[in-house]
Each structure stands twice: as C-alpha cells, then as structure tokens.
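*Asks:*
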Amino acid sequence: MTTLKFCGAAGTVTGSCSLVENGSTSFLVDCGLFQGNRTTQDLNYQPFPFDPSQPEFLILTHAHIDHSGLLPKLVKTGFKGKIYCTEATRDLLEFMLRDSAYIQESNVERINKKRQRRGQPPVQAVYTIKDAESTMPLVRAVDYESWFEPSPGIRVRLWNAGHLLGSASAEIELEDKLKGQTIKLLFSGDLGPEEKAFHPEPDAPTGYDYIICESTYGDRDREDYTLERRRQAIRDELRRGLSRGGNVVIPSFAVERSQELLHDIGVLLDAGEIPNATVYLDSPLAHKATEVFIKYASEMEDIAVDESEIFRHPNFRLVESVHESMAINQVRKGAIIISASGMCTAGRIKHHLKHNIYRSESTVLFVGYQAPGTLGNIIVSGAKSVRIHGKEYKVRAEIRRIGNYSAHADQAELIEWIVARGEIIGGLFLNHGEDEAREALADLLAEKGLDREKTFLPKFDESFALVAGSPAESVAQGEPRIDPGQLKRDWHNDYAEFMLRLSSQLQASESAQQRREIIRRLADALESTTRD
C-alpha cells in the first residue's frame, strides 16, 4: 500500500514535512522548522513521527527554513539518504542551515542561563552547527524539468515554483504496488505570485492522481499590483516614515524579501524618489544570500539595473559583525534598517525594535505575512505594549504594513494554478495553511467544479492511502503532538498579554494601597486555584 503522511504544516504555515511510504520504500518531501508561538516551536524538540533512519531520500522544494530547517536534526537522528534540490537551493542551504543552527545554539545558551538561575536542568539545542555541516554532503543538485530516479521505480522532476531563488514544485511518479499502475503526485512547494521580481511564474504539467498544494493565502486576495506599483507603494511608505524624523525599521526575511527590498530601494534612490537615506541590511544571513543572488543575476528576470550593479548601491551598508549591528542603534534618524527575522521571532530585528518601537518619530514597516503568536503578529494587531527579551516596551512608533512583497500566490492565483493542472483523479490535499485559509480555498475550488469530497484538509500526522485512479482515504492519525487550538495562540501569548495588562493596571492605579489590593486579589485567586 502507498500512503502519504502529513508530519507538519497541517493547519499551520510552518514545519512542512510529508512522508510517502510505497511498500518497503519511503521518502520525504521537505523537513521544515516549526515557527510561531512557543508551543508550536516546542514541536522542534519532539521526536519525528517516523523513524528518521528509514526514508531512502528526501526531495527539498526550496531553502526557506520552514521547509528545510529540521534537516540537520533529521541527519543527527539517523537519516543517511540523499537530499535532492536545485543548484540554487543547495547554494542557499550551505549557509542557511548554519545560521539556523547558530540561532538554535544561541537561544539554548540564553535559556540555560535562566534555567541555571532557577535551579533547573539545562536543555539541549535542536541541533548544532556541526549537525548542519554534516548535512551538506548529502545534498545533490538536480536541474529543472529533468527526470531523475532517486530510487528504483521512482521518478522525480522539478518545476519552477516562482517563490524563491531555486524554488521548485516536485512531480513524482511511483508504482502502485496493489494495481501495478503508476501513481502521479505533484507537491507544489510554496508558489510565487504572478507579479514577482527575479523569477518567472510558477509552472508544472497537467494530469495527476494527487496534488499537494500550499494554501498560505487561501482566504485572501491581494490588491492587484504590478512591480512598478509595488515600487511606488514602498516609495510612499519610505517618504512618509523618513519625514517623521526617525528611522524606518523593516522586519524582513533574509532570503529573497531582503533582496527585493534592496533592489527596489536602490532604484528609488537612483531616481531621487526617496530621501538620500543610508540603508542598512543587518543580517549576516541576508548578506550571504545576496551574494548568491548576485551569482545567479544573469538568470533572473525584471531587474531594473545592470546585473553587474545589482545590490551594490553606494548607500547600502551590508552589516555582518555584532559590533556593526550595535552601532546602528546609535543612529536616531534618517536610516532604513532592514533586518531579520521577518516575523520578529529571533535575530537582530528584536534589538532594532527595542531601540525604535518606543519612539514616536520612528516607523516599523511590515512587508510580509505575520504568523499568529509571533511578535510581528502581536505588533500589527495593535498591541500598545510588547515584551522583547523579557522587558516591556511601549509601542509609540507608527506601525505600517504593505502586502505587495509577499512571495506567496494569493487566493485567485492558487485557484488558477490548481485548475490549470487539469483533472485531479484521486484528490487534492491543502496543506501549509491555517484552517480558515484551507476551508475558504476548498469552498471556492468546489465552485470551480472540483469535487469537494476529493479535497482534503489533513491534520497533524494524518495518513492517507493512495491508489492509482481512486480517491484518497484517511487511514490513520497518530497521537496528537499538539492541540490544534494552540497553533494560533498559546498560554505563553496569554501570559505575555496578562503581564502587560497587569503592569499597565498597576501603573494606572492612584495609590500604593490600590496596587497592593490588586496584587492581593490575584494572590487569592491563585490560592483558590491551587486548592481546587
């Protein structure tokens, strides 16, 4: 029997990982890190819902950490097969996994200092830089649109997905052991929008038994825009922000988003359409990624400057060292600061927020999706105060948001791509999306004529039987690793919000006696809960 198991990105937009078992052969498509609130991130520390030593190979659709970030853990725990991806993905992966490992080690070092003070035992990093380095020898680069055979009887072909440098959709053919027929699968990976700098629109053939498609923006359409209109939108926001007399801080994903921003800002500076600001790209990862983009500049589309000059504007400062990063915090006005991570979950962006978010003259400009439970989502949702590195900061900066830099296809574009694949014989699986997005997309596809009973919204660790020429059938779901209700908001989010409200209430109280009364009532409530 052939089965497909969803080991991540089921009801959420991170942790993409699918396991295909075909008789005695098994393989993986992606193995991504879980991002979001702390409960979601805790999934990274749990064992895989399969034996890591069993899959013979892995197909990696692209280098984004939510698709590749658990590869070092997979190798650390026993995987010995080959990892197949495009050449550009391999080049990006070389330093993205090291960067992710560095973050894992740094986070654990900080956590263990707190645990030591509390008398608690230390915790281990999900993986280390050494584990990341051990992963790269397993990576094999393959060309777009060329069949290869990673295991006898299994053929794979990669197609441009238009999402990221090197991103791919994976077409897979394997033998149905029961019927002796060929099962045809297509994993979309992440799909890019029609209007996207650097890459052509997503492409793939037609005629599949099963399609596994992302649904990040399954419940929303972006405003129609061209690349020129996108550039105008960032121009207007930068003019507005810089005119306020402070800095403009832009949380941005280090790979692709940062390069798009640099390209557009460079064009605007050359044209004199924005003030002559210094632009800091403060992310060692983004710096290295920019060098890879330069390597492939001759293959990229919609570049508005000579390829030899791309990302090399004299106003750009590509920051690497910690000392250089800290020096930026002395700049009080006139700077555009692009820093990772894009959802403000880790990295240097938190330090730049700490030095700017409380200043009314500054601007924080969000240019991408903010997953529920992340600091970025909390800020764009209108929080008056936020906690960063355990301290409270008032949100006085102007918070702005534009959506034209999304690397994901929106609802209409997803529908167009799915419909263009032709008749889907066995079923369509919508993954890598929140439940509301998946439901909305499934309903609209039904209106387009797709059989709603053949559209599946898989749950965590749910397995489906795949049979050539037949609808998929759910056959098993393991013990839940996470309560789906905790994916959007968990107790850590509730705790942070409560502490901010408590602090605000205590500060607003007119006397010490009132403050003591608030604390007494809370203590009584805790005591009552303990007795119950």
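Everything in the sequence shown is counted per the numbering used here, starting at 1 for the first residue and increasing by one. Ideal Cβ placement from N, Cα and C applies to all residues, glycine included. Just so we're clear, the structure is a prediction, and the values are computed from it rather than from any experiment.
Evaluate SER381 with the Cβ neighbour count: other Cβ atoms within 10 Å of its Cβ, from every protein chain shown; 16 or more gives buried, anything less gives exposed.
*Replies:* Label assigned to SER381: exposed.
*Asks:* Using only CA atoms, which one of ILE424, LEU238, LEU227 lies nearest to ALA304?
*Replies:* Among ILE424, LEU238, LEU227, the Cα nearest to that of ALA304 is on LEU227.
*Asks:* Would you kindly report the start and end of the unbroken beta strand (DSSP E) that includes TRP159?
*Replies:* It spans 154–160 - the beta strand (DSSP E) in which TRP159 sits, taken as one unbroken run.
*Asks:* With distance defined between alpha-carbon atoms, name the residue in TYR217, SER134, VAL13 nearest to LYS82.
*Replies:* Nearest option by C-alpha distance: SER134.
*Asks:* If you follow the alpha helix (DSSP H) that ASN112 is part of, which residue opens it and which one closes it?
*Replies:* Here the alpha helix (DSSP H) through ASN112 covers 87–117.
*Asks:* Just the Cα atoms here: how many angstroms apart are ARG481 and LYS459?
*Replies:* Spanning the two alpha carbons is a distance of roughly 11 Å.
*Asks:* Assuming VAL319 is part of the beta strand (DSSP E), what are its boundary residues?
*Replies:* Taken as a continuous stretch (DSSP letters only), the beta strand (DSSP E) holding VAL319 covers 316–319.
*Asks:* Excluding the 5 residues flanking ALA346 on each side, which residues of the same chain have their C-beta closer than 6 Å to its C-beta?
*Replies:* These residues qualify, in order along the chain: ILE103.
*Asks:* If you pair each beta-carbon of the stretch 267–285 with each one of the stretch 354–363, do three or more pairs fall below 8 Å?
*Replies:* Judged by Cβ distances under 8 Å, the stretch 267–285 makes no contact with the stretch 354–363, as fewer than three pairs qualify.
*Asks:* Please work out which residues of its chain come closer than 6 Å, Cβ to Cβ, to ARG230, disregarding the five sequence neighbours upstream and downstream, and give them in chain order.
*Replies:* Excluding positions up to five away in sequence, the list reads ASN404.
*Asks:* Which residue from ASP221, SER24, ASP490, HIS352 puts its Cα closest to that of LEU444?
*Replies:* Selected option, being the one with the closest Cα: ASP221.
*Asks:* Thinking C-alpha only, which one of LEU487, PRO484, GLU462 is nearest GLY478?
*Replies:* Answer by Cα proximity: GLU462.
*Asks:* In the DSSP assignment, find the beta strand (DSSP E) that holds GLU479 and state where it starts and stops.
*Replies:* Run containing GLU479: none; DSSP gives neither H nor E here.
*Asks:* Let me confirm a value: ILE250 is counted as buried when at least 16 other C-beta atoms fall within 10 Å, else exposed. Which label applies?
*Replies:* Buried, because 16 or more other Cβ atoms sit within 10 Å of the Cβ of ILE250.
*Asks:* What's the C-alpha gap between HIS432 and GLU517?
*Replies:* Whole-angstrom Cα-Cα distance: 47 Å.
*Asks:* For the structure I just gave you, are there three or more beta carbon pairs, one from the stretch 36–43 and one from the stretch 11–19, closer than 8 Å?
*Replies:* Counting Cβ pairs under 8 Å, three or more are found: they touch.
*Asks:* Just to confirm the assignment: which complete beta strand (DSSP E) runs, minimum length 3, are found wholly within the stretch 419–457?
*Replies:* With a minimum length of 3 residues, the continuous beta strand (DSSP E) runs that stay inside the stretch 419–457 are 424–431.
*Asks:* For the alpha helix (DSSP H) that contains ILE133, what are its first and last residues?
*Replies:* Checking the displayed sequence, the identity of residue 133 turns out to be Glu instead of Ile. Residues 129–135.
*Asks:* Whether or not the stretch 149–159 and the stretch 117–129 are in contact is what I'm after, with contact meaning three or more pairs of Cβ atoms, one per stretch, closer than 8 Å; do they touch?
*Replies:* In short, these stretches do not touch, since the Cβ pair count stays below three.
*Asks:* Per DSSP, which one or two residues make a beta bridge with VAL279?
*Replies:* DSSP, once it has assigned bridges, lists PHE316, ILE336 as partnering VAL279.
*Asks:* Would you mind giving the Cβ-Cβ distance between LEU33 and ASP219, rounded to the nearest angstrom? I have them listed as a contact below 8 Å.
*Replies:* No, LEU33 and ASP219 are not in contact; Cβ-Cβ is about 24 Å, not under 8 Å.
*Asks:* Provide the residue span of the beta strand (DSSP E) that contains ASP176, from first to last.
*Replies:* Start and end: 168–176.
*Asks:* Short check: CB of LEU165 to CB of ALA132, under 8 Å?
*Replies:* The answer is no: Cβ separation not under 8 Å.
*Asks:* Checking the sheet assignment: what are the DSSP bridge partners for GLU392?
*Replies:* The partner list for GLU392 (beta bridge, DSSP) reads ARG387.
*Asks:* So what's PHE22 in DSSP terms, helix, strand or just coil?
*Replies:* It is worth fixing the name first, because residue 22 is Asn in this sequence and not Phe. ASN22 falls in the strand class under three-state DSSP.
*Asks:* List the whole-angstrom C-beta distance separating GLN54 from SER26, where the pair is believed to meet the contact cut-off of C-beta under 8 Å.
*Replies:* 6 Å between Cβ atoms; contact.
*Asks:* DSSP three-state call for PHE460: helix, strand or coil?
*Replies:* Coil at PHE460, not helix or strand.
*Asks:* Please confirm whether ALA550 and GLU105 have their CB atoms less than 8 Å apart.
*Replies:* Shown here, the chain extends from 1 to 532; a query on residue 550 therefore has no answer.
*Asks:* In angstroms, rounded to a whole number, what distance separates the CA positions of TYR210 and ARG317?
*Replies:* Straight-line Cα distance between these residues: approximately 47 Å.
*Asks:* Cα-Cα, which of PHE6, ALA141, TYR280, ILE418 is closest to THR86?
*Replies:* The candidate whose alpha carbon is nearest that of THR86 is ALA141.
*Asks:* Could you tell me the alpha carbon to alpha carbon distance between ASP483 and PHE429, rounded to whole angstroms?
*Replies:* In a straight line, the C-alpha of ASP483 is about 21 Å away from that of PHE429.
*Asks:* Tell me which residue opens and which closes the beta strand (DSSP E) that SER151 is part of.
*Replies:* Note, SER151: beta strand (DSSP E), 148–151.
*Asks:* Tell me whether GLY411 is buried or exposed, calling it buried when 16 or more other Cβ atoms sit within 10 Å of its Cβ.
*Replies:* First, the amino acid is wrong: residue 411 is Gln here, not Gly. By the neighbour-count rule (16 or more Cβ atoms within 10 Å), GLN411 is buried.
*Asks:* Tell me which residue opens and which closes the alpha helix (DSSP H) that THR39 is part of.
*Replies:* First-last of the alpha helix (DSSP H) with THR39: 38–41.
*Asks:* Whose C-alpha, out of ASP282, SER146, GLU214, MET343, is nearest the C-alpha of GLY192?
*Replies:* It is GLU214.
*Asks:* Within the continuous beta strand (DSSP E) that includes GLU398, where are the two ends?
*Replies:* First-last of the beta strand (DSSP E) with GLU398: 398–401.
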